[in-house]
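Numbering (this note's numbering), first residue to last: 26 to 171.
Glycine is no exception: its CB is placed at the ideal position from the N, C-alpha and C atoms.
To start, the structure itself, in structure tokens.
Put into structure tokens, the structure is as follows:
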């Protein structure tokens with residue numbers, strides 16, 4: 026191959042570089058396609074994010090009411106949710122249950138408390154929340170800090 030022929034040829038990248046570029050393009054297209062359907066990148070409008078959080082809070086509140094949990098317990102078990110949304114869901118479910126004469130569905134699994142809180146099974150004797158002998162314990166839940 027003469028030097029003249031080598032210089033007159035148009036530049037073409039080596040086959041490995043060409044394959045690498047095609048692979049990168051394919052990977053970039055795949056990542057963009059996968060990210061297009063992702064809801065958790067924070068690419069939605071703020072109103073849509075707020076609406077989703079509100080509906081999740083209302084669902085949690087309704088589930089707490091149906092399970093017979095006190096509203097305060099629901100707040101404690103879900104500290105990351107809006108209290109207003111939880112209350113709205115709890116109240117809507119309460120009205121629905123009263124309207125249709127539905128009873129509570131007791132959960133079979135005990136809830137897991139947030140870190141740093143321990144649940145006391147009963148109030149200490151002599152406190153206003155302690156129940157007299159022969160009567161069921163009060164509905165309130167007592168929490169103690171370690």
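- From residue 118 to residue 56, what does the alpha carbon distance come to, in whole angstroms? Straight-line spacing of the CA atoms in residue 118 and residue 56 works out to 42 Å.
- Query: Just how far apart, CA to CA, sit residue 95 and residue 46?
  - Reply: Rounded to the nearest angstrom, the two C-alpha atoms are 60 Å apart.
- Query: Using the rule of at least 16 other Cβ atoms within 10 Å of the residue's Cβ for burial, across every protein chain shown, is residue 49 buried or exposed?
  - Reply: When all chains shown are included, residue 49 counts as exposed.
- Task: Out of 97, 88, 137 and 123, state which residue places its alpha-carbon closest to the alpha-carbon of residue 220.
- Result: Because the chain is modelled from 26 through 171, residue 220 falls outside the range shown and cannot be assessed.
- Item | residue 83: first and last residue of the uninterrupted alpha helix (DSSP H) it sits in | It spans 71 to 91 - the alpha helix (DSSP H) in which residue 83 sits, taken as one unbroken run.
- Message: For residue 122, report the span of its alpha helix (DSSP H) as first-last.
- Response: Residue 122 -> alpha helix (DSSP H) spans 108 to 124.
- Message: If you follow the alpha helix (DSSP H) that residue 97 is in, where does it begin and where does it stop?
- Response: Boundaries of the alpha helix (DSSP H) around residue 97: 96 to 102.
- Message: Can you tell me whether residue 131 is helix, strand or coil according to DSSP?
- Response: In the structure shown, residue 131 sits in coil (DSSP, three-state: anything other than H, G, I, E or B).
- Item | Burial state of residue 98 (16 or more Cβ within 10 Å) | Of the other Cβ atoms in all chains shown, 16 or more fall within 10 Å of the Cβ of residue 98; this residue is therefore buried.
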